[in-house]
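Read through the structure below, which is laid out as structure tokens, and then see the notes.
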Amino acid sequence: MREDFKEILFTEEQILSKVKELAKQISDDYKDKDLVVVGVLKGSVVFTSDLIKYIDIPCVLDFMAVSSYGTSTESSGIVKIIKDLDYDIEGKDLLIVEDIVDTGNTLKYLLKYLKARKANSVAIVSLLSKPSRRKLAVDIKYLGFNVPDKFIVGYGIDYAEKYRNAPFIGVLKEEIYK
1 MREDFKEILF TEEQILSKVK ELAKQISDDY KDKDLVVVGV LKGSVVFTSD
51 LIKYIDIPCV LDFMAVSSYG TSTESSGIVK IIKDLDYDIE GKDLLIVEDI
101 VDTGNTLKYL LKYLKARKAN SVAIVSLLSK PSRRKLAVDI KYLGFNVPDK
151 FIVGYGIDYA EKYRNAPFIG VLKEEIYK
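Numbering follows the UniProt record's numbering, in which position 127 of the sequence shown is assigned residue number 127; successive positions increment by one, without gaps.
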């Protein structure tokens, strides 16, 4: 699988170190709150799983599935909710866990959608951000790494449902997705 990658941006060790750092900040900030961690499927599942292991306060874990990509490498701009939350979030402090913030379109939609359900607060943690691609301003409270405008996969992030299982984050060779 590694041979399909043009370059490795972050090793497994670098990612884990950043996950622990983010979890500590979150634990400190939410120590007296009613925290609900909301993983955005499928891309954030690996990050969410690792992150909650290191959050050292009680929290509820739930998931949403949204899509704006399909099998393309470019966001369609149309956000669809495929799976909604199971947990009642009214009065709770939500932490949306994203794998990567690209245009900001999906997160803007999710923020509006979740705030309308009377959550006490809604914040975002994202492992990766592509600021050069941002079309809508999004406040990422906890951020792992900024990344260049390249097609990035691994550590839960896919291309056509593949490469999520790579333990690192890297850039695919163009011949794989062109």
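The beta-carbon is built from N, C-alpha and C at its ideal position, and this holds for glycine as well.
What you are looking at is a predicted structure, and each value in this text was computed from that prediction instead of being measured.
When the options are compared against residue i, the one with the closest alpha-carbon
i    : options                   : result
L127 : S67, N120 and V101        : V101
D29  : L9, F10, P58 and G43      : P58
V66  : E13, L110 and K24         : L110
V153 : K24, G43, V36 and D34     : G43
R117 : T106, V138 and D86        : D86
E12  : E174, A160, K178 and G170 : G170
D140 : E174, K115, K24 and I96   : Checking the displayed sequence, the identity of residue 140 turns out to be Ile instead of Asp. Among E174, K115, K24 and I96, the Cα nearest to that of I140 belongs to I96.
D56  : V79, A23, S68 and E175    : A23
S68  : A160, K115, A137 and S132 : A160
T138 : K115, S132 and L107       : The sequence shown places Val at residue 138, not Thr. Minimum Cα distance to V138 is reached at L107.
Test item: CB-CB of residue i and residue j under 9 Å
i    : j    : result
G104 : K150 : no
D32  : N120 : no
I82  : Y113 : no
P148 : K173 : no
Cβ separation of residue i and residue j, assumed to be a contact under 8 Å, to the nearest whole Å
i    : j    : result
V40  : G156 : Not really, about 10 Å apart at Cβ, beyond 8 Å.
C125 : I26  : Contrary to the premise, residue 125 reads as Val rather than Cys in this sequence. Going by Cβ atoms, the distance from V125 to I26 rounds to 7 Å, so yes, they are a contact pair.
V37  : L9   : With a Cβ gap of about 25 Å, V37 and L9 do not count as contacting.
M64  : D84  : 6 Å
Any contact of the region 45 to 57 with the region 12 to 20, i.e. 3+ C-beta pairs under 8 Å? Between the region 45 to 57 and the region 12 to 20, the count of Cβ pairs shorter than 8 Å is three or higher; the stretches touch.
Three Cβ pairs or more, each shorter than 8 Å: is that satisfied between the region 1 to 13 and the region 158 to 169? The way I'd put it, the region 1 to 13 does touch the region 158 to 169; three or more beta-carbon pairs between them come closer than 8 Å.
Any 3 or more C-beta pairs closer than 8 Å across the region 83 to 93 and the region 131 to 147: When Cβ pairs closer than 8 Å are counted between the two stretches, the region 83 to 93 is seen not to touch the region 131 to 147, the count staying below three.
Beta strand (DSSP E) runs contained entirely in the UniProt domain "Phosphoribosyltransferase" (12 to 159), provided each spans 3 or more residues: Correct list: 35 to 41, 60 to 67, 80 to 83, 93 to 101, 121 to 129 and 142 to 146.
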